[in-house]
Amino acid sequence: MSWSDERVELLKKMWGEGQSASQIAKELGGVTRNAVIGKVHRLGLSNRSGAGASDGGAKSKTSAKAKPAARAKTAKSEPKTETPKEPAAAPVSRVKAIIPAGQPLPPQPSANEIDPEALAKVNEIEKKAKKLSLMELTERTCKWPVGDPATPDFWFCGLPVQAGKPYCDAHVGVAFQPMSSRRDRRR
DNA sequence: CCCTGATTCGC
DNA sequence: GCGAATCAGG
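Each position in the first sequence, counted from 1, maps to that position plus 1 in this note's numbering.
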């Protein structure tokens, strides 16, 4: 396949719309996402001007970037500092459950007031939760704690996490509320 | 693991 | 000019 005007145009269009390279490649057919990215670069529109779009893995690299130069076989045997797997701070949501009654609760930002939908979603997925122990958590398992840590009935969600996030899709929903839960609250 | 774009370099 | 292989990161 070659880059006909039409194909290039579609490429530009989709790229402009914020479509990912893989999506564009899929749409065009006959090319890989690498081909698309390569073309995008050659066309000089590597930087999606203005369009915020879904920034999957793009992190506006700084111009001058260190490059390995000869990418032969030099690299590959680096020490690589593995992420020592953090315990991850407990979400404030279930705090109430793990704090003995009678103790004053620390001021919680917005422990309450979470999208009912998000909560419902959580309740649903928690049924499917893998109920992992702390040791079983990995970089891609939801680290949302459930239950009382001082109890055998304590586990972590363990469902697949959302890329880059510490929690699964549902828990991300209640963990990161985009400021402004209630839009229009009739009172 | 999935995914993203960025870069290099032989073709 | 092209794009696979690789890098770098969420």
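For each residue, glycine too, the CB sits at the ideal point set by N, CA and C.
query	result
Can you list, in chain order, the residues of its chain with a C-beta nearer than 8 Å to that of W4? Leave out the 5 residues immediately preceding and following it.	L12 and K40
With a CB to CB cut of under 7 Å and the five nearest residues on each side skipped, what residues in its chain are close to L133?	T142, W156, F157 and G159
Is it buried or exposed for L138, if we count other Cβ within 10 angstroms and need 16 for buried?	buried
To which residues of the same chain is K129 closer than 8 Å at the C-beta, ignoring the five residues directly before and after it?	L160
Look at the Cβ atom of P167, then the Cβ atom of K144, and state whether they are nearer than 7 Å.	yes
Using the Cα positions of A171 and L135, report the straight-line distance between them to the nearest angstrom.	20 Å
If you draw a straight line from the C-alpha of G45 to the C-alpha of N35, how long is it?	15 Å
Give the single residue among D154, I38, P146 and E28 whose Cα lies nearest to the Cα of V173.	P146
Kindly indicate which three-state DSSP category W4 falls into: helix, strand or coil?	coil
Let me confirm a value: A26 is counted as buried when at least 16 other C-beta atoms fall within 10 Å, else exposed. Which label applies?	buried
Using a Cβ-Cβ cutoff of less than 6 Å, which residues in the same chain neighbour A22 once the five nearest sequence positions on both sides are dropped?	R34, V37 and I38
Based on Cα-Cα distance, which residue from P153, E127, A151 and G30 lies nearest to V175?	E127
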